[in-house]
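Asker:
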Amino acid sequence: MLDHLEEKKQDILAAVLKLAVARLPQSKHDEARNFITIYYAQIDPEDLLERSVEDLYGAAMAHLSFGRSFSGGAPKLRVYNAQIDEHGWTSPHTVIDIINDDMPFLVDSVTMEVNRQGYTLHLLIHPVFPYQRDAKGRLKSIATAGTGSKSESFMPVVIDRATVPGRL
3 MLDHLEEKKQ DILAAVLKLA VARLPQSKHD EARNFITIYY AQIDPEDLLE RSVEDLYGAA
63 MAHLSFGRSF SGGAPKLRVY NAQIDEHGWT SPHTVIDIIN DDMPFLVDSV TMEVNRQGYT
123 LHLLIHPVFP YQRDAKGRLK SIATAGTGSK SESFMPVVID RATVPGRL
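Letter 62 of the sequence shown, counting from 1, is numbered 64 in our numbering, and no numbers are missing.
1) What residue does the beta strand (DSSP E) around Glu-154 start on, and which one ends it?
2) May I ask you to list the residues that DSSP assigns as paired with Asn-102?
3) Could you tell me the distance, in whole angstroms, from the CA atom of Phe-131 to the CA atom of Ser-153?
4) Helix, strand or coil: which one does DSSP assign to His-95?
5) Can you tell me which residues form a DSSP beta bridge with Leu-79?
6) I need the boundaries of the alpha helix (DSSP H) containing Phe-37, first residue and last residue.
7) Does the distance from the C-beta atom of Ser-45 to that of Leu-79 stay below 7 Å?
8) By how many angstroms is the C-alpha of Tyr-82 removed from the C-alpha of Pro-167?
9) Between the Cα of Ile-161 and those of Lys-138, Leu-126 and Arg-140, spot the shortest distance and give me the residue it belongs to.
10) Would you call the stretch 131-143 and the stretch 86-95 in contact, with 3 or more CB pairs under 8 Å?
11) What do you reckon, are the CB atoms on Ser-155 and Leu-108 nearer than 7 Å?
12) In the DSSP assignment, the beta strand (DSSP E) including Phe-68 goes from what residue to what residue?
13) Return the bridge partner residues of Phe-131 from the DSSP annotation.
This is the structure:
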């Protein structure tokens, strides 16, 4: 059963990558392929199967776009209700996109805060990216591990839908 689910996961990821190639200019294909592959590498197949290919692509590309500028030293986050016209994808839940220098206990800290705020955690994945940025914090590349690059966490956190602007 596990092999069957893993095969389905790989098929879905292949479809997401195919969509990226179809929608992005050729100059962005390698970056998108690297990002999407790392972004969804640790997600459980069941969680991946619950989402459409378009939404998986849109969520990853929205997070990558959000992370194009990051100086480090303090987390960067946004909380939003994804809408196709604004974010390029949709979700019935509220999404928290976090970018942070990779460090211990990020998952535990985020999970505890979501619980403290009274929300149900629907999904949290913790992809860690080797990266290269310029002096202004602009993303130059998703690097190959072991190339002297640093690591950042791009954590998508999916919680109960919040509709009160002050809560967002």
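We put the beta carbon where it would ideally sit given N, CA and C, even for glycine.
Answerer: Put simply:
1) In the sequence shown, counting from the first residue as 1, residue 154 sits at position 152. Segment 152-161, the beta strand (DSSP E) holding Glu-154.
2) In the sequence shown, the residue the question calls residue 102 occupies position 100. According to DSSP, Asn-102 bridges with Ser-155.
3) Locating residue 131 in the sequence shown gives position 129, counting from the first residue. Locating residue 153 in the sequence shown gives position 151, counting from the first residue. When rounded, the distance between both Cα atoms is 5 Å.
4) Your numbering for residue 95 matches position 93 in the sequence shown. Looking at His-95 - three-state DSSP - the assignment turns out to be coil, as it is neither helix nor strand.
5) For the purposes of this step, residue 79 is identified with residue 77 of the sequence shown, where counting begins at 1. Bridge partners of Leu-79: Ile-100.
6) Working through the sequence shown from its first residue, we reach residue 37 at position 35. 31-41 is the extent of the alpha helix (DSSP H) around Phe-37.
7) Taking the sequence shown and counting its residues from 1, the one referred to as residue 45 is at position 43. Taking the sequence shown and counting its residues from 1, the one referred to as residue 79 is at position 77. In the sequence as presented, Ser is not what sits at residue 45; that position holds Ile. In this structure, Leu-79 does not lie closer than 7 Å to Ile-45 by Cβ.
8) Locating residue 167 in the sequence shown gives position 165, where the first residue counts as 1. Locating residue 82 in the sequence shown gives position 80, where the first residue counts as 1. Rounded to whole angstroms, Pro-167 to Tyr-82 spans 10 Å at the Cα level.
9) As a position in the sequence shown, residue 161 is number 159, starting the count at 1. Just measuring C-alpha positions, the residue of Lys-138, Leu-126 and Arg-140 sitting nearest Ile-161 is Leu-126.
10) Proximity of the stretch 131-143 to the stretch 86-95 falls short of the contact definition, fewer than three beta-carbon pairs being nearer than 8 Å.
11) Position 153 of the sequence shown holds residue 155. Position 106 of the sequence shown holds residue 108. Contact: yes.
12) As a working note, residue 68 is residue 66 in the sequence shown. Per DSSP, Phe-68 belongs to no beta strand (DSSP E); it is in the alpha helix (DSSP H), 55-68.
13) The residue you call residue 131 lines up with position 129 of the sequence shown. Per DSSP, Glu-154.
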